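Here the sequence shown is numbered in my numbering, starting from 16 and rising by one per residue.
Even glycine gets a Cβ: it sits at the ideal position worked out from N, Cα and C.
All figures in this text were calculated on a predicted structure; none of them were measured in a lab.
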Amino acid sequence: MTTIALPPRTGQQFTISHGAYTAVVTELGATLRTLTYQGKDMIVSWDQNKTVPCSNGELLIPFPNRIEDGVYSFEGKTYTLPIDEHEKHNAIHGYGYRAFWKMESLDGDQVTLMWRAGTMKGYPFDLIVRATYTLSDDGLQLNVSATNNDDVDAPWAAAIHPWIANGFNGYGDEIDEQNAQCQVIIPARTHVTVNDRLLPTGTEPVEGGKYNLRQPTALTDQPFDDAWTDVEYDRDGKTMATLIRPDGLAISVGGDETITSFQMCTGTGFAPETHPAGVAIEPQSAYANAFNTGIDLTVIRPGETSSTNFYMQAEQH
């Protein structure tokens, strides 16, 4: 019997490295499967032959988070997307992560992958998307660019979904106790309120409650599965959220001025097999239901390109 050498289920694994940093990006979804600093896991990884436990490291395009009932209207037309969060009857996290991307270039510290949006009735727009991961002394930069190859406008939003490793590698409910030993900083002035389907209902100032995370705050008030907006930028135009672990490793994730919000999820109450040992902190260009509300939605004109830079870095204290 002839034995066929099968590729990993997540496709080819593209390894890049620079100095203290090493990353692995998968052909499936251009997903960030591993990222380490000085040999320590910055994000929660998974087996290359297994399904992704909980959106770990995925690119959330052409929309992050949820679209109510999978239905939206854009420029006078109504579109219907598949429902993939059945218990809440939402479409969630876009479709880029489901496709195998084409590797365009691979160097020692950089890899670029490309995806052309498929023909989907609910999102028929012809976009060419490139994801370029680059490692340097400053950590990881991910540039996601989407070019409209169509003759009509296209709605667009982008995010990345890393689960920041808490340093314990726990399992199940013990992860909540381990997360509580970490501190988090989210530089945002406004909390997004939601209903029981985790769809936005409004906003509120963060002052005076558990959602004020502008200074280092222990994660003792779990659960969180929330978005923050009105983010604050530094002098370089970056906004960065940070998880500080008990082992002294501070891991920051964020992006450029196209990032308008952060989503943070502690996974509290998740089934053990889908509860990564850490905290999801997701920089987003728009938060949930943007295709319906229009809040922070990007409209890409024919022939134009929308570009976002995401960043991840670590510092050992």
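Asked	Found
Cβ contact (3+ pairs, closer than 8 Å) linking the segment 291 to 305 and the segment 74 to 81	yes
Residue from Thr-17, Ala-242 and Asp-56 whose Cα sits closest to the Cα of Pro-36	The displayed chain sequence assigns Tyr, not Pro, to residue 36. Minimum Cα distance to Tyr-36 is reached at Asp-56.
Assigned secondary structure, Pro-77 (DSSP; H/G/I helix, E/B strand, else coil)	coil
Outcome for Ile-201 when other beta-carbon atoms lying within 10 angstroms are tallied against a minimum of 16	buried
Gly-293 (DSSP reduced to helix, strand or coil)	strand
Run of the alpha helix (DSSP H) containing Phe-89, from where it starts to where it stops	Not the alpha helix (DSSP H): Phe-89 falls in the beta strand (DSSP E), residues 86 to 89.
Cβ neighbour criterion (16 or more within 10 Å) applied to Arg-260	buried
First and last residue of the uninterrupted beta strand (DSSP E) at Asp-245	240 to 246
Start-to-end residues for the alpha helix (DSSP H) that takes in Gln-328	Note, Gln-328: premise wrong, no alpha helix (DSSP H); beta strand (DSSP E) at 320 to 331.
Three CB pairs or more closer than 8 Å across the segment 92 to 108 and the segment 221 to 229	no
Rounded C-alpha distance that separates Ala-265 from Thr-162	34 Å
Val-167 to Gly-137 span [Cα, whole Å]	15 Å
Stretch-stretch touch, CB-based, cutoff 8 Å, three pairs: the segment 170 to 181 with the segment 236 to 247	no
8 Å contact criterion, which Thr-25 and Gln-53 should meet: CB distance rounded	That pair is no contact at about 25 Å.
Under the three-state DSSP convention, the category Gly-137 falls into	coil
Where Gln-196 sits in the DSSP three-state scheme	coil
Residue from Asp-188, Asp-245 and Leu-214 whose Cα sits closest to the Cα of Asn-307	Leu-214
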